[in-house]
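Inspection log for the structure reproduced underneath, given as structure tokens.
Okay, structure coming up:
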């Protein structure tokens with residue numbers, strides 16, 4: 001409801017509560033960015049100060065939206081104060097997601113792309129790019145039935161409805177993949193039965209590959225030394241003949257070695273050795289999981305994994321039912337469960353009392369899991385792409401995804417609330433067509449789950465099939481045989497470090513171990 005006559009003291013008191021919590025959320029987002037995402041990079045306050053403010057403010061306003069939902073259930077703050085802060089936070093978050101972050105993203109990309117661009121040159125170019133982006137962003141609303149009535153251009157609903165389409169799509173894709181991938185990674189029945197002989201064979205093939213690489217590099221160096229020595233002896237040769245001789249000698253070598261072909265073979269072998277290295281680390285991971293499965297803790301997680309897998313199957317089944325019968329849920333899970341208990345169990349249940357208490361607990365758990373899951377995914381995404389893309393652009397992209405994700409979560413969380421607690425969301429976003437987002441989520445979720453099943457099936461088949469598991473014998477290169485002496489002592493597979501590396505004096509490779517229980 002809009003603000004009514006409330007005492008100034010109450011408004012100030014409520015504002016202090018929200019301001020204090022937002023400061024804490026802002027500080028947490030700032031520390032997470034500096035200590036987790038940017039821990040391996042030197043931060044320049046002048047260059048990255050605004051970047052940190054944008055990321056931390058987006059995180060703070062996102063968390064505040066969830067906090068206001070909990071306050072609605074717990075009855076904290078006046079209704080008019082909650083309504084006002086809902087509006088302020090939604091406007092602030094939409095301003096970040098629609099205007100500030102995309103504009104700053106274009107500006108940072110242009111300034112990093114061309115060093116000759118000054119700040120004065122980048123501003124109009126970034127503004128032009130943002131206008132093109134905003135045009136296509138606004139066009140999204142013309143393709144989907146996302147509003148049940150027209151609102152003004154500066155109202156919350158037009159912006160949030162368009163952000164919701166993108167955000168709900170991302171949520172559905174991630175949820176569909178998680179519903180299939182989580183049982184696959186948590187249940188021990190899907191684990192490969194790794195033997196010590198498998199690991200030794202893979203390490204032997206890796207050592208053989210490294211030996212082949214070193215042998216070919218020695219041949220290149222030997223050919224180049226012969227060419228250099230011959231060039232020094234024939235400096236008196238005529239100009240044209242000398243240039244022709246140098247060209248032929250450089251590419252082929254005096255000993256008949258084709259240097260270019262050797263280099264191509266070395267590049268292919270180095271790529272293959274990296275893949276072998278990561279495959280060996282995966283074998284060690286699977287072996288560790290097999291040992292962990294025999295412990296009491298491992299058996300407990302395996303049992304919980306079956307319950308969670310049942311829930312995932314239920315979600316996929318309900319998505320199919322909702323799509324086939326065009327069904328939209330009208331009752332939240334808590335009220336439905338309490339009503340079911342009262343019907344089938346001979347006991348009186350105070351639905352209103354327990355609905356409030358369980359809603360508070362249920363929504364709190366969902367919010368904590370959403371925030372934790374999002375932060376984990378942000379860290380994984382940043383580690384995967386920070387070496388090839390500017391860290392600043394990656395952080396802005398993560399802030400953009402985070403803002404859309406949490407805004408969309410508010411739309412989807414509405415159906416999980418009892419009717420009396422979803423009123424504030426319905427009033428603030430009165431023109432939003434909530435039913436569309438429920439149907440859209442079910443469709444994308446089901447498509448993502450089916451695609452993930454197919455993808456994981458082929459990955460599992462490849463991992464368990466010896467013919468395609470990746471070995472030197474089945475990896476053919478021109479001019480490379482499958483023989484070679486084993487030099488297991490030529491490398492050091494260090495399992496004590498988080499990312500296994502080669503021994504002293506040789507090249508390092510990154511492995512990407514995973515933990516199925518995080």
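Numbering (full-length UniProt numbering), first residue to last: 1 to 518. All C-beta atoms, glycine included, are put in the ideal place defined by N, C-alpha and C. Model, not experiment: these values are computed from the prediction.
Nearest candidate by alpha-carbon position, reference residue i, set the options
| i | options | result |
| --- | --- | --- |
| residue 138 | 76, 122, 160 | 160 |
| residue 281 | 136, 200, 82, 439 | 200 |
| residue 134 | 457, 462, 392, 163 | 163 |
| residue 143 | 155, 124, 165, 131 | 165 |
| residue 169 | 439, 459, 458 | 439 |
| residue 316 | 447, 287, 158, 398 | 447 |
| residue 407 | 25, 274, 90 | 90 |
| residue 72 | 424, 435, 455 | 424 |
| residue 460 | 417, 181, 434 | 181 |
| residue 435 | 390, 396, 322 | 322 |
| residue 106 | 289, 396, 414 | 396 |
| residue 405 | 108, 16, 65 | 65 |
| residue 283 | 450, 191, 426 | 191 |
| residue 392 | 29, 26, 52, 11 | 52 |
| residue 11 | 304, 58, 84 | 84 |
| residue 95 | 314, 123, 61 | 61 |
| residue 49 | 30, 261, 454, 429 | 30 |
C-alpha gap between residue i and residue j, whole angstroms
| i | j | result |
| --- | --- | --- |
| residue 112 | residue 401 | 22 Å |
| residue 394 | residue 86 | 29 Å |
| residue 467 | residue 226 | Any reading at residue 467 needs caution, since the residue's pLDDT is 43, under 50, leaving its predicted position unreliable; the model's value is listed next. If you take the alpha carbons of residue 467 and residue 226, they lie about 42 Å apart. |
| residue 259 | residue 207 | 23 Å |
| residue 129 | residue 462 | 43 Å |
| residue 484 | residue 210 | Model confidence at residue 484 stands at a pLDDT of 38, short of 50, so the residue's coordinates are unreliable; what they give is reported in the following sentence. Roughly 10 Å separates the two Cα atoms. |
| residue 196 | residue 266 | 29 Å |
| residue 272 | residue 218 | 19 Å |
| residue 13 | residue 81 | 10 Å |
| residue 69 | residue 198 | 53 Å |
| residue 110 | residue 140 | 26 Å |
| residue 399 | residue 312 | 28 Å |
| residue 15 | residue 302 | 46 Å |
| residue 158 | residue 63 | 22 Å |
| residue 18 | residue 285 | 45 Å |
| residue 23 | residue 88 | 15 Å |
| residue 171 | residue 452 | 14 Å |
| residue 131 | residue 185 | 43 Å |
| residue 412 | residue 437 | 8 Å |
| residue 189 | residue 457 | 14 Å |
| residue 274 | residue 67 | 46 Å |
| residue 417 | residue 127 | 41 Å |
| residue 427 | residue 155 | 13 Å |
| residue 173 | residue 455 | 14 Å |
| residue 8 | residue 414 | 31 Å |
| residue 223 | residue 55 | 55 Å |
| residue 228 | residue 123 | 53 Å |
| residue 21 | residue 429 | 24 Å |
| residue 432 | residue 304 | 38 Å |
| residue 187 | residue 296 | 15 Å |
| residue 176 | residue 450 | 8 Å |
| residue 318 | residue 324 | 10 Å |
| residue 314 | residue 409 | 20 Å |
| residue 300 | residue 288 | 16 Å |
| residue 59 | residue 263 | 49 Å |
| residue 481 | residue 183 | Caution is warranted here: a pLDDT of 43 is assigned to residue 481, below 50, making its placement in the model unreliable, and the coordinate value is therefore given only provisionally. If I take the Cα positions, the gap works out to 41 Å. |
| residue 473 | residue 221 | For residue 473, the predicted model reports a pLDDT of 44, less than 50, meaning its position is unreliable and no value from the coordinates is stated. |
Cβ-Cβ separation, residue j to residue i (assumed contact under 8 Å), whole Å
| i | j | result |
| --- | --- | --- |
| residue 205 | residue 276 | 6 Å |
| residue 298 | residue 306 | Actually they do not touch by this definition, with Cβ atoms about 13 Å apart. |
| residue 214 | residue 269 | So it is not a contact: roughly 10 Å between Cβ atoms. |
| residue 390 | residue 108 | 7 Å |
| residue 279 | residue 179 | That pair is no contact at about 27 Å. |
| residue 290 | residue 194 | 7 Å |
| residue 26 | residue 57 | 6 Å |
Test: residue i CB closer than 8 Å to a CB of chain B
| i | result |
| --- | --- |
| residue 396 | No chain B appears in this structure, which consists of one protein chain only. |
Closer than 7 Å: residue i CB and nearest the ligand ATP heavy atom
| i | result |
| --- | --- |
| residue 223 | Among the components of this structure there are no ligands whatsoever, and the ligand ATP is therefore not found. |
Problem - Inter-stretch contact at 8 Å, needing at least 3 Cβ pairs: the region 25-38 / the region 72-81 - result: With the cut-off at 8 Å, the region 25-38 and the region 72-81 do not touch.
Exercise for the section: Would you check if the region 432-448 and the region 92-111 touch, i.e. whether three or more CB-CB distances between them fall below 8 Å? Expected result: Touching, no.
Problem - Those runs of the alpha helix (DSSP H) which lie wholly inside the UniProt domain "Golgi pH regulator conserved" (153-220) and span at least 4 residues - result: Entirely contained in the UniProt domain "Golgi pH regulator conserved" (153-220), the alpha helix (DSSP H) runs reaching 4 residues are, in chain order, 156-186.
Practice task
For the region 33-92, list the alpha helix (DSSP H) runs that are entirely contained and at least 4 residues long, ordered along the chain.
Solution key: Those alpha helix (DSSP H) runs which fall completely within the region 33-92 and span 4+ residues are 45-74.
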